[in-house]
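So the structure is just underneath, and the comments pick up after that.
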Amino acid sequence: MHPKPESRQISALDGFSLSSTHYSAEGEGEGNLLIAGATGVPQRFYQRIALYAASQGLNVMTLDYRGIGLSRPARLKGFKMHYLDWARLDLAAAVALLAKQDLPLYVLGHSFGGHAFGLLPNHHNVSRFAVCGTGAGWHGWMPWRESLKVRMMWHLVLPVLTRIKGYSPWSKLGIGEDLPQDVFYQWRAWCQYPHYFFDNPDTQDLLDCYLKVRTPSLFINATDDLWAMPASRDAFIRAYANAPIHTLDIESQGAPIGHMGYFRAHHQDLWQPIVQWLKQGSPASIAASHLQQYAPGEFNKAQLLLPNLAL
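The working numbering numbers the first residue of the sequence shown as 6 and each following residue consecutively.
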């Protein structure tokens, strides 16, 4: 019988207490896997793929970032933090814990997880990195209907609700967990730019962090993921200029994938090749005609040159 997932409190790099869940590998563990979730998505959402990865010989950790899920304070109104704390303090602490063990460490991200990896002070401890649904967040990369809806959300609906509540009540709209006020305003500011925070004058220096990444990386995006279409992904991941990169565009053969479907049960056919790639690092483990492989620096030469992102 497979061991029951174990809930544990871990300390972020600044001492903040975070809720995490640990899934022990079936049989002898072949490696450790950290799941880096999306903005406003609690760790319980990733339980199915965590159990699957554990069945494939990986010890898995999920966690709730500060202010989210079981790491949410009793009172979210007035809770102060920086959006980047989730990467630099929370995920970085999890990487540090898992890297102490004598096993290879892998990271599987979702959306924000693709942003977070380049911000980790200890990404060099990760053997391979895969992420689903990461993108630049700019409305201009979205189909026009989704673009209009997102702009209304950013500039009309959520600012009013956030001002009233003192936090951003995403749960009221059915689009995720409530967000700390600081996260909402920082996220909204960065999404006004085609290349996210790389174009923002206050955060352009973040590019230097991403240029240090050398970890082999796989970026998977569904063509029906309206929040993170392949063009949006490419606009962001140009910053991983010195890492070997694989990109994969996938089309749903049945139920829509969208932004959340990668990790839902009806698309579990995606999980086996992703976990296999993390363990083996071979693009041949993913049988797809849209898989592209780039050596360090090659991805940027192959793409249309984009303004305001000097690499």
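Glycine included, C-beta positions come from ideal geometry on N, C-alpha and C.
Anticipated Cβ contact below 8 Å, residue i with residue j, distance rounded
i      : j      : result
Pro199 : Trp149 : That pair is no contact at about 16 Å.
Gly145 : Asp230 : Not a contact, Cβ separation roughly 16 Å.
Ser132 : Leu110 : 6 Å
Tyr51  : Gly42  : 6 Å
Coarse secondary structure for residue i, derived from DSSP in three states
i      : result
Ala194 : helix
Glu11  : strand
Asp239 : helix
Asp183 : coil
Asn313 : In this predicted model, Asn313 has a pLDDT of only 43, less than 50, meaning its place in the structure is not dependable enough to derive any value.
Leu113 : strand
Val136 : strand
Gly286 : coil
Gln277 : helix
Val65  : strand
Ser16  : strand
His264 : coil
Separation of residue j from residue i, as counted between CA atoms
i      : j      : result
Leu39  : Leu113 : 6 Å
Ala233 : Arg13  : 32 Å
Leu103 : Glu11  : 15 Å
Glu35  : Ala55  : 15 Å
Lys9   : Tyr28  : 7 Å
Tyr190 : Gln273 : 34 Å
Phe241 : Ala30  : 33 Å
Gln297 : Ile250 : 8 Å
Arg219 : Phe122 : 11 Å
His160 : Ser60  : 44 Å
Gly302 : Leu125 : 20 Å
Trp175 : Ala135 : 27 Å
Gly179 : Tyr267 : 19 Å
Residue environment, residue i, which counts as buried when at least 16 other CB atoms sit within 10 Å
i      : result
Met157 : exposed
Ser287 : exposed
Ser16  : exposed
Ser25  : buried
Ser22  : exposed
Arg80  : exposed
Tyr98  : In the sequence as presented, Tyr is not what sits at residue 98; that position holds Ala. The residue is buried, with at least 16 neighbouring Cβ atoms inside 10 Å.
Ala315 : Interpretation of Ala315 is limited by its pLDDT of 40, a score under 50 that renders its predicted location unreliable; the figure taken from the coordinates is listed afterwards. Under this definition Ala315 is an exposed residue.
Arg168 : exposed
Residues near residue i by beta carbon distance below 8 Å, same chain, minus five either side
i      : result
Pro47  : Asp69, Ile73, Gly74, Leu75, Glu182
His271 : Gly259, Ala260
Spatial neighbours of residue i in its chain, beta-carbon cut-off 7 Å, leaving aside the 5 residues before and after
i      : result
Ala194 : Asn205
Lys85  : Asp187
Ser257 : Ala227, Asp229
Lys82  : Lys170, Gly171, Tyr172
Beta carbon proximity, residue i to chain C, threshold 7 Å
i     : result
Pro78 : Absent from the structure: chain C. Only one protein chain is present.
6 Å CB neighbourhood of residue i in its chain, flanking five on each side removed
i      : result
Leu166 : Pro174
Ile255 : Ala227
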